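Numbering (this note's numbering), first residue to last: 19 to 403. Using N, Cα and C, we set each Cβ at its ideal position, and we do this for glycine too. Here the structure is a predicted model, which is why all the values come from computation and not from measurement.
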Amino acid sequence: MTGDRLGIGVVGLGRWANWAHLPGWARDGRCRIVAVCDTDAGRAAEAAGRYGAVAVTDYRDLISRDDIDIVDVVTRDSEHFGINLAAIEAGKHVLSEKPVAHDHHDVRRVAELARAKGLKTKVGFTFRYSPAVRYLKDMISRGDLGTPFIYNAYEQNSQWLSPQVPLRNRERGGGGPIRVASLEGYGAPVIDIGHWLMESDLTSVVGVLRNFIPERLVAETGLMDRVNIDDADIFIGEFASGALCSVQSSFVTVGNYPGIEVRVYGSEGAAIARLVEEFGICETLKTAQPDDVEFREIEVPAEYYPPGGSPRESWRTLYYANLTANFASEVLGEIPGNEGSFTDGLWVQEVINAVEISHHERRWVSLPLDGEPLDAEPLDGERGN
Ligand SMILES: NC(=O)c1ccc[n+]([C@@H]2O[C@H](COP(=O)([O-])OP(=O)(O)OC[C@H]3O[C@@H](n4cnc5c(N)ncnc54)[C@H](O)[C@@H]3O)[C@@H](O)[C@H]2O)c1
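Rendered as C-alpha cells:
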C-alpha cells in the first residue's frame, strides 16, 4: 500500500491497457497507478506522464517494487504466462489478460502457486463485469428464473471479416492443422459467463472449428499468407447439473462490438443479456415470465454501475471499471472470495482445449481433461460462485 491506497503496476501499454485498464484504475480512489511498463520506452513515458507514475521498460523492475500490491498484465497473449509467474513468485496479486497461459497445465501451475501464497488473481473476463450480466447473475442466484435448463451464448463481430485487416500470426503458424483463435479470444468470455451463471461445471463437450477466410494479411510480415485458424466455431455441452449449453464464436460475422449475447432459460422464466453496441447503447437486459412469454426490457439498478457509469458509456471503460473495482475490493478484503480467478481461467482453458480435441478427433470429450477435480480445496467464494 502507498499511503492508504493500493499500489498498481501495469505491464503492457498498448491499445487495451489505454482503453480499459488504466482508466479503470484511475477511476478508483482506493488505487494509485505507481509504475507502468512497456518494452517501448515512448509508450511507457507517455502513460507515466498521464497517470503520474514511474516508467520502466523491464517488467522485473516493476514487479520488484515494494510499493506495488497488484500487477496488471496487458501484454500480448504469448507474454502473459512468464510475467504472471514472476509476479506471483514475487508475492503480488495479479490481474492477467486472457489467456493466463495457452496450455491449461501452465494455468494450473500459476493458479496453484497463487493459492498456496494466499494471493488473489483475476483474469480479464471483461463481460462478467457488465452491469446487465452482474444483475442477471443475482437474479439467477435468488431464484427469479427457477432451475436453469439451458444456456445459449455467442460472441461474434466482424473484426477480421476483411482479410486485409492485419492479424498477428506469429504464434499461429501458416498452414498445418487448424489452430484455435476465435474460441480462445471470443469464446472464452462466454464460456466463463456460462460457468458462472449456471453454477455448474461442463462435464462433456462436442464442437467444430472452421476457417472461413483462408488467406490474411499477416501483421509481422505485411504479406498475405495462408492462416489456418478458427475464425468461427460452435460447440454444445452438458453441465453437471443436467443443464445444456450451446456456444458460438466468430470474428468474421457481421455485427458490432463486443458482440455478446447470453440467454438463460429456467423453469420460472428466461433472460437475455445483449452486449452489442447499437444506437449509442452498449447493452440491454430482457426477461420473460412463463405467463406473459414476451421478452421485455428491464432496467439494471444503479448499484450495478461504477460511479458515473451508464449504458451510454463505452463498454470498454464501463465493464473494466467494474472489474478493477471488484479486484480492489477483493484484495482489500472488503468483499469475500475471489471471483473470475486464475482457477476460473483454468476451467475455461480446459473447455477450450476439450473443444479443440473434439474437433480434431471428431468426438465428445469429457471434462476435466486430466480426470482430476480442478480445485480440490476451494477457497471461500473461489470459482466465482
Ligand atoms: N478482455 C478483453 O476484452 C480484451 C480486449 C482486447 C484485448 N485484450 C487482451 O489484451 C492484451 C493486449 O492487447 P492489445 O490489443 O492492447 O495489444 P497491443 O499490441 O496494442 O499492446 C501490447 C503492449 O505490450 C507491450 N509489450 C510486449 N511485450 C512486453 C513485455 N515483455 N514487457 C512489457 N511490455 C510488453 C507492447 O510493446 C505493446 O505496447 C492481449 O492479451 C489481448 O488479448 C483483451
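Between residue 319 and the set 199, 299 and 328, the nearest pair of CA atoms involves 328. Per DSSP, the continuous alpha helix (DSSP H) segment holding residue 368 begins and ends at 360-379. Boundaries for residue 240: no beta strand (DSSP E) harbours it, and the DSSP string shows neither H nor E there. In the three-state reduction of the DSSP assignment, residue 284 falls in the strand class, which pools E and B. By the C-beta density criterion, residue 272 is exposed, having fewer than 16 other C-beta atoms within 10 angstroms. With contacts defined as CB atoms closer than 8 Å, residue 91 and residue 125 fail to qualify as a contacting pair. Nearest C-alpha to residue 306 among 196, 285 and 299: 285.
Within the model, the alpha-carbon separation for residue 121 versus residue 367 is close to 7 Å. Nearest C-alpha to residue 354 among 340, 362 and 344: 344. For residue 47 and residue 54, the gap between their C-alpha atoms comes out near 18 Å.
In the three-state reduction of the DSSP assignment, residue 295 falls in the coil class, being assigned neither a helical nor a strand state. Nearest Cα to residue 89 within the set 96, 58, 40 and 123: 40. Of the other Cβ atoms in all chains shown, fewer than 16 fall within 10 Å of the Cβ of residue 182; this residue is therefore exposed. Membership of residue 79 in the alpha helix (DSSP H) is indicated by the continuous run 77-81. Three or more beta-carbon pairs separated by less than 8 Å are not found between the region 231-249 and the region 355-366, which leaves the two stretches without contact. For residue 62, the CB contacts under 7 Å within the same chain, skipping 5 residues up- and downstream, are 31, 54, 55, 56, 73, 74 and 75 in chain order. By the Cβ rule, the region 101-117 does not count as touching the region 256-267, because fewer than three pairs are nearer than 8 Å. Look at residue 230 here: in three-state DSSP terms it is coil, with no helix or strand label. With respect to the 8 Å criterion, residue 334 and residue 43 are not classified as neighbours on the basis of their beta carbons.
Between the region 98-105 and the region 77-85, the count of C-beta pairs closer than 8 Å reaches three or more; the two stretches touch. A direct Cα-Cα distance of roughly 9 Å separates residue 222 from residue 254. Linking residue 64 to residue 384 through their CA atoms gives a straight-line distance of about 48 Å. Residue environment: residue 135 is assigned as exposed (fewer than 16 neighbouring CB atoms within 10 Å of its CB, all protein chains considered). Per DSSP, reduced to three states, the secondary structure at residue 203 is helical. Three or more beta-carbon pairs drawn from the region 136-152 and the region 280-299 are found closer than 8 Å, and the two stretches are therefore classed as touching. Between the alpha carbons of residue 140 and residue 133 lies a gap of roughly 12 Å.
DSSP places residue 172 in the strand class (E or B) of the three-state scheme.
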